Structure formats: C-alpha cells, structure tokens
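Numbering (this note's numbering), first residue to last: 3 to 164.
Spelled out as structure tokens, the structure:
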C-alpha cells in the first residue's frame, strides 16, 4: 500500500508539473533575421510548436506532414504552427534555406543560441508541444511516427472546445 501511495504521488506530481509548464519569454530570430521575444509570437492563439534540426529526417517528415494538413485543420481550429530550428549559428543559414525551400506556412523561429530549447527542456528532436493561447503547455511528445500528428489536432480541438 505504501508503494501505491508513492506511485500515485509521483504521477500526480508529474501531471501537475507538466500542466504548469509555460511558453517562456526568450529572444530568438524570426524569418527576417530580426531578434524578437517569444512572448510576441502566440498572440492569444493556440499553437503547435515543433523543435527541429537540419539533420533530423523525422523532423522534416513531421513538419512537411503538418504543412500538408494545415489548410484542412484550420477549417476546424484557428491555430498557428511554430517551427523552431535549434541549429546553432553555423547551421542557421541552412535552416533558413530549408524552411523557405519547403514553403512552410508556419511561423519559423531560429534559436541559434538554444535559449528557447533550454527553456522548454528540449533534449531530442522532433520535440512537439501544443500550447494554448495563454502559453500553457497542454501536450508534448518526442519523436515522430506517421499518424501521430492527429493527436495534435485532437489536443487543439480539446483546448478550443471544438
């Protein structure tokens, strides 16, 4: 019984901690190379936030899949996709080129100092979050398997009650 108590306590703590994570306020570069505050990005809309790197093939697959589904999904939910490159300054130009070449209809951010990556405790890519319009992280997953993107849509619907 003691063991069950500690397991329950651990699970409650884990859920509470993850529900309290928030979209941090750090400086990153936008598509134009301007340094901006991440607090300016959300604008009261929920968002899918995906951390990616130029050498991460699952990242490209997930982001390209999201880009293909974006128009259809936006008919159901008003949201943004924020693609955050975690590549350092040596690879930022390549990341910008890739984002432009894929023609993503996303907000693209470039975290070349990895401040946002650290603030969100991202260890591996792709790391994807669903954030509500106030900046509260409501869902997170690491990695990509085909079809897992639909969980993101379900999370968006749940926070917008659609």
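Glycine included, each C-beta is placed from N, C-alpha and C at the ideal position.
Remember, predicted model here, so these are calculated numbers, not experimental data.
In the structure shown, residue 110 falls within a strand segment according to DSSP collapsed to helix, strand and coil. By the Cβ rule, the region 40-49 counts as touching the region 72-87, because three or more pairs are nearer than 8 Å.
For secondary structure counted as the beta strand (DSSP E) over 3 or more consecutive residues, the region 75-102 holds these complete runs in sequence order: 82-87. In the DSSP secondary-structure assignment, residue 144 is bridged to 129. With a 10 Å radius around the Cβ and a threshold of 16 neighbouring Cβ atoms, residue 144 comes out exposed.
CA-to-CA, the gap between residue 73 and residue 120 works out to about 31 Å. One thing to note: residue 157 has its Cβ within 7 Å of the Cβ of residue 141. Beta bridge pairing from DSSP links residue 39 with 29.
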